Amino acid sequence: EAEVAQSPRYKITEKSQAVAFWCDPISGHATLYWYRQILGQGPELLVQFQDESVVDDSQLPKDRFSAERLKGVDSTLKIQPAELGDSAMYLCASRDRGLAGTGELFFGEGSRLTVL
Amino acid sequence: QKEVEQNSGPLSVPEGAIASLNCTYSDRVSQSFFWYRQYSGKSPELIMSIYSNGDKEDGRFTAQLNKASQYVSLLIRDSQPSDSATYLCAVNPPGAAGNKLTFGGGTRVLVKP
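Here it is as structure tokens:
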């Protein structure tokens, strides 16, 4: 069964360091999302791509976060510098172009970040 | 006011009972509503979607939507210990480019044997 791949699964870093997360969506899925989920809260959308274009990054803290999907396939989310408040699960999800509106987002296992 | 609100719980129900979860949303013109289940340490998975007023049943799950009251609920019948998880309500805001989802904070459900 096709899956959304994410790495690393776990990352521990010190504040002010740089961190990067990688996501490979299900093959052929045009839409890719990065969500952040703080423990005990619901996922919050950081950025949404349609193919290689950013559709929505209104909630992305652009002073320290960046995201790219250069070839419209896999994506990288970077944090530089990391802050204590960035400790969270970073979830990548993808959606098939044909499923727009159904809400069927397929999530990866997530990357759990701990900032010390 | 948050866009999507849920009671955080935990909602404790005995095995075999009905678990009732509620969700309210702020934007009256929202059209698409979803329930995701998230086990501890795992990623969310879609269990129900509903688009029209009324009830929608799928196995032991029933979603209920009342757009006039801006309210969506999820019923879990014959609750099993394996239903213990956090249930996330998600809404597709109107005009959202590419169908992004806005999630509530989730309701934690504990089913006790």
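Sequence lines, in order, name chains A and B. Take the first sequence: its letters are residues 1 to 116, numbered as in my numbering. Take the second sequence: its letters are residues 1001 to 1113, numbered as in my numbering. Ideal Cβ placement from N, Cα and C applies to all residues, glycine included. No experiment lies behind these values; they were computed from the predicted model shown.
Close partners of Leu1110 of chain B in chain A (Cβ separation under 9 Å) are lacking, with about 15 Å as the shortest Cβ gap. Taken in chain order, the complete beta strand (DSSP E) segments of 3 or more residues contained in the region 31–112 of chain A are 31–37, 44–50, 53–56, 65–68, 75–79 and 88–95.
Val55 of chain A and Ile79 of chain A have their C-alpha atoms spaced approximately 20 Å apart. Pro1081 of chain B carries a helical assignment under DSSP once its states are collapsed to helix, strand and coil.
Straight across, the Cα-Cα distance linking Trp22 of chain A with Val4 of chain A is about 11 Å. Burial state of Lys1100 of chain B is buried, judged by a 10 Å Cβ sphere holding 16 or more other Cβ atoms. Residues of chain B with a Cβ closer than 7 Å to the Cβ of Leu46 of chain A do not exist, since the nearest Cβ in that chain sits about 11 Å away. For Ser1043 of chain B, the nearest beta carbon of chain A is closer than 8 Å to its own beta carbon. For Gly1106 of chain B, the C-beta contacts it makes with chain A under 7 Å involve Gly42, in order along the chain. Taking C-beta atoms as the reference points, Gly110 of chain A and Gly1104 of chain B fail to come closer than 8 Å.
Counted as a single uninterrupted DSSP element, the beta strand (DSSP E) harbouring Gln1006 of chain B occupies residues Val1004 to Gln1006.
By DSSP's assignment, Gly1106 of chain B forms no beta bridge with any residue. Burial state of Gln17 of chain A is exposed, judged by a 10 Å Cβ sphere holding fewer than 16 other Cβ atoms. Under DSSP, Tyr1051 of chain B shares a beta bridge with no residue.
With distances taken between CA atoms, Tyr10 of chain A lies nearest to B:Lys1042 out of B:Lys1042, B:Gln1031, B:Leu1021 and B:Asp1027. With a cutoff of 8 Å on beta-carbon distance, Thr13 of chain A and Ala82 of chain A are scored as near each other.
Cβ-Cβ distances below 7 Å link Arg69 of chain A to Leu32, Phe49, Glu52 and Ser75 in the same chain, with the five nearest sequence neighbours on each side left out; the list follows chain order. DSSP lists B:Ala1063 as the bridge partner or partners of Lys1056 of chain B.
Per DSSP, Asp1027 of chain B is not a residue of any beta strand (DSSP E), being assigned neither H nor E. Interface flag for Leu1088 of chain B against chain A is set, since a Cβ pair is found closer than 8 Å. Contact between the region 1005–1021 of chain B and the region 1072–1091 of chain B is present, with at least three C-beta pairs closer than 8 Å.
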